[in-house]
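>
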Amino acid sequence: MSVRAEQYTAEVLGRVQLSPHLIRLTLGGPGLAGFTSTGIPDEWVGLIVPGQYQSRYYTVRSWSGGELVLDVVVHEVGLVTEWALGAFGDPVGQQVTITEPKGSFLKPADAGWLLLVGDLTAMPAMARIAETHADLPVHLYAEVPDRPEELASYLPAGAQVSWDAPEEHGSRLAEVVETLEWPEGAGYFWMAGESAQMRAIRKHLMRVRRMPSTHYDVMGYWRAVKERQPRAVDPGPIWRAGKAAGKSDEEIWADYDQARTEAGS
Ligand SMILES: Cc1cc2nc3c(=O)[nH]c(=O)nc-3n(C[C@H](O)[C@H](O)[C@H](O)COP(=O)(O)OP(=O)(O)OC[C@H]3O[C@@H](n4cnc5c(N)ncnc54)[C@H](O)[C@@H]3O)c2cc1C
Numbered sequence: 015m016s017v018r019a020e021q022y023t024a025e026v027l028g029r030v031q032l033s034p035h036l037i038r039l040t041l042g043g044p045g046l047a048g049f050t051s052t053g054i055p056d057e058w059v060g061l062i063v064p065g066q067y068q069s070r071y072y073t074v075r076s077w078s079g080g081e082l083v084l085d086v087v088v089h090e091v092g093l094v095t096e097w098a099l100g101a102f103g104d105p106v107g108q109q110v111t112i113t114e115p116k117g118s119f120l121k122p123a124d125a126g127w128l129l130l131v132g133d134l135t136a137m138p139a140m141a142r143i144a145e146t147h148a149d150l151p152v153h154l155y156a157e158v159p160d161r162p163e164e165l166a167s168y169l170p171a172g173a174q175v176s177w178d179a180p181e182e183h184g185s186r187l188a189e190v191v192e193t194l195e196w197p198e199g200a201g202y203f204w205m206a207g208e209s210a211q212m213r214a215i216r217k218h219l220m221r222v223r224r225m226p227s228t229h230y231d232v233m234g235y236w237r238a239v240k241e242r243q244p245r246a247v248d249p250g251p252i253w254r255a256g257k258a259a260g261k262s263d264e265e266i267w268a269d270y271d272q273a274r275t276e277a278g279s
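As structure tokens, then:
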């Protein structure tokens, strides 16, 4: 017997551009009444945007007063990216689906420090982990395309952060971790970002640092594809034409998928 995971319908109540590549979405409404946070600071949910059936994962930046906050990285092309950028109309007022939250962060009892490393997609989790562990020395290493001053207030005051930007060909987080100076004694290492970088780091932690697996958590959050994928079809005109013709969101997404298939993208 397969048991379907709980899903919740939520309304997008707000959309705020936090930095050039980070958009905050506030979700709410009666459909979230049964939502319960796991309390795990890197917890995530699946987000399904209107007219789609595929989900993308987003960290619960906060859940308070019946409002769920997700911070979405917008990159070149992507299902949620384009929707969040407004290619299918203003997301505010639209209905999305959220899946049950899950978390992974599990700090061992003897951890005397936290070392958090990630790219922009990991910032929501790193901020929440830092907020909930003010009792420990926490050092963050963030590889972000935006300027540090544009993101400084995103992290709790007093957080020790090293900032870096990705290189033109992509993330170099694995190389950074291989040359890190590690704090003394037992601690917990948490890292998330591009999957190939994360695979390299898992190997490094196991084979070079010989860390017990209880003392680190490394997660691939997204996968870079080798070829660049230029947006072959602009969704804006399709959305406007669909709306003008009185089509539903589902019908407009189907038109968009059809146009992409025809364009070979
Ligand atoms: C547990 C977990 C928690 C996550 N939390 C967050 C979060 O809080 N905020 C957040 O923004 N993301 C988060 N992510 C990552 C997010 O799910 C992916 O980046 C997702 O692919 C974005 O969906 P999309 O629809 O924009 O792009 P997709 O349609 O999935 O991808 C389209 C293309 O974009 C590329 N791509 C995908 N993500 C990126 C990126 N970040 N930078 C550059 N290129 C990319 C892919 O290679 C693909 O070719 C999390 C992932 C996991 C597993």
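Reminder that position 106 of the sequence shown reads as 120 in the working numbering, one-by-one numbering, no gaps. For each residue, glycine too, the CB sits at the ideal point set by N, CA and C. Predicted model, so just to flag it, every value in this text is computed and none were measured.
(1) Since I believe residue 253 is in contact with residue 103 (beta carbons under 8 Å), could you give me their beta-carbon distance rounded to a whole number of angstroms?
(2) Could you tell me if residue 55 is buried or exposed, where buried requires 16 or more neighbouring beta carbons within 10 angstroms of its beta carbon?
(3) Let's test the definition: count the other Cβ atoms within 10 Å of the Cβ of residue 249 and tell me whether it reaches 16, buried, or not, exposed.
(4) Could you check if residue 15 is buried or exposed, using at least 16 other CB atoms within 10 Å of its CB as the buried criterion?
(5) Measuring only the C-alpha atoms, how far is residue 51 from residue 117?
(6) Under the three-state reduction of DSSP, which class applies to residue 267: helix, strand or coil?
(7) Sort out for me which residues DSSP pairs residue 203 with in a bridge.
(8) Give the range of the beta strand (DSSP E) segment to which residue 254 is assigned.
(9) Report the three-state DSSP secondary structure of residue 184 (helix, strand or coil).
(10) Leaving out the 5 sequence neighbours to the left and right, which residues in its chain are closer than 8 Å to residue 89 when beta-carbon positions are compared?
(11) What residues are listed by DSSP as bridge partners for residue 116?
(12) With DSSP as the reference, please indicate the residues paired to residue 153 in a beta bridge.
(13) Looking at residue 204: is its Cβ nearer than 8 Å to the Cβ of residue 128?
(14) How do the region 138-154 and the region 210-218 stand: do at least 3 beta-carbon pairs fall below 8 Å, yes or no?
(15) Expressed to the nearest angstrom, what Euclidean distance is found between the alpha-carbon atoms of residue 272 and residue 236?
(16) Between the alpha carbons of residue 247 and residue 275, how many angstroms are there, rounded?
(17) Between which two residues does the alpha helix (DSSP H) containing residue 24 stretch?
(18) Give me the Cβ distance between residue 200 and residue 229, rounded to the nearest whole Å; I'm assuming they're in contact under 8 Å.
(19) Beta strand (DSSP E) containing residue 70: first to last residue?
(20) Which residues in the same chain as residue 238 place their Cβ atom closer than 8 Å to its Cβ, once the five residues preceding and following it in sequence are excluded?
(21) What does the alpha-carbon distance come out to for the pair residue 65 and residue 99?
(22) Does ligand 2 have a heavy atom nearer than 7 Å to the CB of residue 158?
(23) Return the first residue and the last residue of the alpha helix (DSSP H) that residue 81 is part of.
(24) Please say whether residue 86 and residue 72 have beta carbons closer to each other than 8 Å?
(25) Given a cut-off of 8 Å, decide if residue 164 and residue 19 are closer than it, judged by their beta-carbon atoms.
(26) Residue 75 and residue 83 look like a contact to me (Cβ under 8 Å); what is the Cβ gap, rounded to whole Å?
Working from what's here:
(1) Taking the first residue of the sequence shown as 1, we reach residue 103 at position 89. Taking the first residue of the sequence shown as 1, we reach residue 253 at position 239. Confirmed, about 6 Å.
(2) Residue 55 sits at position 41 when you count from the first residue of the sequence shown. Result: buried.
(3) Here residue 249 refers to the residue found at position 235 of the sequence shown. Residue 249 is buried by the Cβ-count criterion.
(4) Stepping through the sequence shown from its first residue, residue 15 is reached at position 1. In this prediction, residue 15 scores a pLDDT of 45, lower than 50, which makes its location untrustworthy; no coordinate-derived value is stated.
(5) The residue given as residue 51 occupies position 37 in the sequence shown. The residue given as residue 117 occupies position 103 in the sequence shown. Near 10 Å, if we compare the C-alpha coordinates of residue 117 and residue 51.
(6) Locating residue 267 in the sequence shown gives position 253, where the first residue counts as 1. In this structure, residue 267 counts as helix in the three-state DSSP scheme.
(7) Here residue 203 refers to the residue found at position 189 when the sequence shown is read from its first residue. BP columns for residue 203 point to 129, 230.
(8) Taking the sequence shown and counting its residues from 1, one reaches residue 254 at position 240. Taken as a continuous stretch (DSSP letters only), residue 254 belongs to no beta strand (DSSP E), being part of the alpha helix (DSSP H) at 249-258.
(9) Here residue 184 corresponds to residue number 170 of the sequence shown, with the count starting at 1. Residue 184 falls in the strand class under three-state DSSP.
(10) Indexing the sequence shown from 1 puts residue 89 at position 75. So the list reads 35, 95, once near-sequence residues are dropped.
(11) As a working mapping, residue 116 is identified with position 102 in the sequence shown. Beta-bridge pairing links residue 116 to 58.
(12) The sequence position of residue 153 within the sequence shown is 139, counting from 1. Answer is 129, 174, bridged to residue 153.
(13) Translated into positions along the sequence shown, residue 204 becomes position 190. Translated into positions along the sequence shown, residue 128 becomes position 114. Cβ atoms of residue 204 and residue 128: closer than 8 Å.
(14) With a cut-off of 8 Å, the region 210-218 and the region 138-154 do not count as touching, because too few Cβ pairs lie within range.
(15) If you number the sequence shown from 1, residue 272 lands on position 258. If you number the sequence shown from 1, residue 236 lands on position 222. The alpha-carbon atoms of residue 272 and residue 236 are separated by roughly 25 Å.
(16) The residue given as residue 247 occupies position 233 in the sequence shown. The residue given as residue 275 occupies position 261 in the sequence shown. Using only the alpha carbons, I get a separation of about 10 Å.
(17) Position 10 of the sequence shown, counted from the start, is the residue given in the question as residue 24. Per DSSP, residue 24 belongs to no alpha helix (DSSP H); it is in the beta strand (DSSP E), 21-33.
(18) Translated into the one-based positions of the sequence shown, residue 200 becomes position 186. Translated into the one-based positions of the sequence shown, residue 229 becomes position 215. Indeed they touch by this definition, with Cβ atoms about 7 Å apart.
(19) For this step, residue 70 is matched to residue 56 along the sequence shown. Note, residue 70: beta strand (DSSP E), 70-78.
(20) The sequence position of residue 238 within the sequence shown is 224, counting from 1. If you ignore the 5 residues before and after residue 238, its C-beta comes within less than 8 Å of the C-beta of 184, 185, 208, 209, 210, all in its own chain and listed in chain order.
(21) As a first step, residue 65 is located in the sequence shown; it is residue number 51 there, counting from the start. As a first step, residue 99 is located in the sequence shown; it is residue number 85 there, counting from the start. Their Cα atoms are separated by approximately 16 Å.
(22) With respect to ligand 2, the structure offers nothing, as its ligand set consists of ligand 1.
(23) Locating residue 81 in the sequence shown gives position 67, counting from the first residue. Unbroken run through residue 81 is the beta strand (DSSP E), 81-87; no alpha helix (DSSP H).
(24) Translated into the one-based positions of the sequence shown, residue 72 becomes position 58. Translated into the one-based positions of the sequence shown, residue 86 becomes position 72. Yes, these two residues count as a Cβ contact at 8 Å.
(25) Along the sequence shown, read from residue 1 onward, the residue named residue 19 stands at position 5. Along the sequence shown, read from residue 1 onward, the residue named residue 164 stands at position 150. In this structure, residue 164 does not lie closer than 8 Å to residue 19 by Cβ.
(26) Looking up residue 75 in the sequence shown gives position 61. Looking up residue 83 in the sequence shown gives position 69. Yes, residue 75 and residue 83 are in contact; Cβ-Cβ is about 4 Å, under 8 Å.
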